[in-house]
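Residues in the sequence shown are numbered from 53 upward in steps of one, following our numbering.
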Amino acid sequence: MAKILLLILLVATITLVEAADPPEKWRAALKALDAMDVKMRQAVDRVVAAAPPAKQSEVQEAAMAERLDVSLALARVEETGNEKKVESMAASYEKAADLVVAAPSADKLKVMKEAFRAVTKAAAL
């Protein structure tokens with residue numbers, strides 16, 4: 053039950069964070085964010101699909117937590133008003149998602165955590 057509630061909370065939080073879109077004039081940033089979102093969904097889907105059936109719930113929870121961290125990091129960058137930084141960060145997350153998709157099945161979650169956290173850490177500097 054706690055896992056279900058956590059998953060619902062994560063989805064709700066991601067929805068709220070992603071609903072806070074950048075200004076409409078940020079056409080390039082919006083395009084980059086859309087492309088990133090497609091790749092991120094693919095990465096999460098592949099991570100969950102690669103997990104053994106007994107661990108899929110746990111892996112899905114971990115993948116959603118990573119996705120939440122990404123959304124929060126992007127929201128912090130959007131608040132700065134720096135469109136170029138948002139574009140750059142979205143492109144970096146997109147590349148990180150590509151690494152996850154290309155990773156061997158047994159390593160997908162590990163690669164996701166490492167790659168996404170590296171982008172988040174670099175953005176915080």
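Here a beta-carbon is modelled for each residue, glycine too, at the ideal position from N, C-alpha and C.
Are residue i and residue j close, meaning C-beta to C-beta below 9 Å?
| i | j | result |
| --- | --- | --- |
| Ala176 | Val163 | no |
| Val138 | Ala95 | no |
| Ala87 | Glu146 | yes |
| Ala102 | Leu161 | yes |
Can you tell me whether residue i is buried or exposed, with buried defined as 16 or more other CB within 10 angstroms of its CB?
| i | result |
| --- | --- |
| Arg93 | exposed |
| Glu131 | exposed |
| Val90 | exposed |
Give me the residue from the options with the minimum Cα distance to residue i.
| i | options | result |
| --- | --- | --- |
| Pro104 | Val153, Asp159, Thr172 | Asp159 |
| Trp78 | Ser157, Thr172, Ala142, Ala174 | Ala142 |
| Ser144 | Ala127, Gly133, Val122, Ala102 | Val122 |
| Ala80 | Ala106, Asp97, Ser140 | Ser140 |
| Arg98 | Leu120, Ala149, Lys173 | Ala149 |
| Ala117 | Ser157, Val153, Val100, Leu82 | Val100 |
| Ala174 | Val152, Val153, Val129, Ser157 | Val129 |
| Arg119 | Lys107, Gly133, Val152 | Val152 |
Helix, strand or coil for residue i? Go by DSSP, reduced to three states.
| i | result |
| --- | --- |
| Pro105 | helix |
| Lys77 | coil |
| Thr132 | coil |
| Ala155 | coil |
- Item | the stretch 167-175 / the stretch 101-116 touching (three or more Cβ pairs under 8 Å) | no
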